[in-house]
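Everything below concerns the one structure shown next.
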Amino acid sequence: MKKAIPSLLMAGALAVSAGVQAATVTDSFLTPLSTTELSNETGSLDLFDGSLGNLTSVTVEISAHSVSSTIINNTAAQDQTFAYNSGLNFIYDSTLSPLDSVLTGDLLFSPDLQTILADTGGPATVASQGSLDLGSKTDDSSRSFTFTGSDLAAFIGAGTFDISCSTQTNSQFVGGGGNLTAAQNTQAQCDGTVTYDYDVANNVPEPAAAWLIGAGLLGFVGFRAKKSS
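Per the working numbering, residue 1 is the first one in the sequence shown, and the count goes up by one each step.
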């Protein structure tokens, strides 16, 4: 009995100390769908409110989206056989130093942030003085980054930070004798999401913890009373 009471009290203490809980909060933006080329389309994301708790990690995801239609025109006096592909490079930067270092470093022109605008998928033929409609293409790409350690300080504070996005179209003909042109109508947009993972300390004992403490105290009082008698 003498060992059971201290054990019960210890269980109550452990339940109280387990009041630190993991939580997340997110924010996102989406730029309007606009005709390319995009030039510094900007979205804002909230910084982390340090009063919520202890920030443990930050994940930023950026995404690219494009919608395009393509028609190939042949100005030659004969039919032309060719292959064609076209893509859109998304170029990002940020007002927040740790994120900007990643976005303007190895990520620049990364395939992870390129979308496909058109692709013949192999040889195609267009008639003399004719046109070939490659149809429309919708494509998406995304990339995420996780920050920990000393980088976290930059994400804590009041207000917001910005992420900007621009585009550059790249297109290539193989064959066609220089007589082919591509008429392309393209729209694009960018979006971003930040997720903050943090520990929030709960200083109010949970019901189970309070019950354990109460039970422990009552048991201790009963034990002392029995011992006195």
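Yeah, the Cβ is synthetic: ideal placement off N, Cα and C, and Gly gets one too. Computed from a predicted structure; not experimentally measured.
State yes or no: is the C-beta of residue i within less than 8 Å of the C-beta of residue j?
i: residue 252; j: residue 181; result: Within the shown structure, residues of the chain are numbered from 1 to 229, placing residue 252 beyond reach of any answer.
i: residue 160; j: residue 88; result: no
i: residue 136; j: residue 34; result: no
i: residue 191; j: residue 53; result: no
i: residue 61; j: residue 142; result: yes
i: residue 75; j: residue 125; result: no
i: residue 166; j: residue 39; result: yes
i: residue 83; j: residue 115; result: no
i: residue 92; j: residue 171; result: no
Tell me residue i's beta-bridge partners as DSSP assigns them.
i: residue 129; result: Bridge partners of residue 129: none, in fact.
i: residue 135; result: 70
i: residue 87; result: 116, 170
i: residue 41; result: 165
i: residue 181; result: 73
i: residue 78; result: The partner list for residue 78 (beta bridge, DSSP) is empty, contrary to what the question assumes.
i: residue 102; result: According to DSSP, residue 102 bridges with nothing at all.
i: residue 199; result: 22, 54
i: residue 176; result: DSSP output for residue 176 lists no bridge partner at all.
i: residue 151; result: Partner(s): none; residue 151 has no beta bridge.
i: residue 191; result: 30, 63
i: residue 160; result: 46
i: residue 95; result: None, per the DSSP bridge assignment.
i: residue 35; result: 187
i: residue 141; result: 64
How close, in whole Å, do the beta carbons of residue i and residue j come, if the pair is a contact with beta carbons under 8 Å?
i: residue 264; j: residue 27; result: The requested residue 264 does not occur in the structure, where the chain is confined to residues 1 to 229.
i: residue 183; j: residue 85; result: No, residue 183 and residue 85 are not in contact; Cβ-Cβ is about 16 Å, not under 8 Å.
i: residue 140; j: residue 188; result: No, residue 140 and residue 188 are not in contact; Cβ-Cβ is about 10 Å, not under 8 Å.
i: residue 31; j: residue 43; result: 6 Å
Compare the C-alpha of residue i against each of the options and name the closest.
i: residue 151; options: 102, 43, 131; result: 102
i: residue 197; options: 186, 114, 117, 148; result: 148
i: residue 117; options: 186, 124, 22, 43; result: 186
i: residue 41; options: 174, 78, 94; result: 94
i: residue 90; options: 193, 112, 105; result: 112
i: residue 157; options: 96, 144, 172, 193; result: 96
i: residue 21; options: 164, 194, 55; result: 55
i: residue 70; options: 122, 57, 179, 133; result: 133
i: residue 78; options: 178, 104, 195; result: 178
i: residue 144; options: 36, 37, 51, 57; result: 57
i: residue 123; options: 100, 164, 176; result: 176
i: residue 155; options: 195, 138, 174; result: 195
Taking Cβ positions only, does residue i come closer than 8 Å to chain B?
i: residue 142; result: Within the model displayed, chain B is absent; a lone protein chain is all it includes.
Can residue i be considered in contact with the ligand MN, in the sense that its beta carbon sits closer than 7 Å to one or more heavy atoms?
i: residue 191; result: The ligand MN is not among the ligands present in this structure, which contains no ligands whatsoever.
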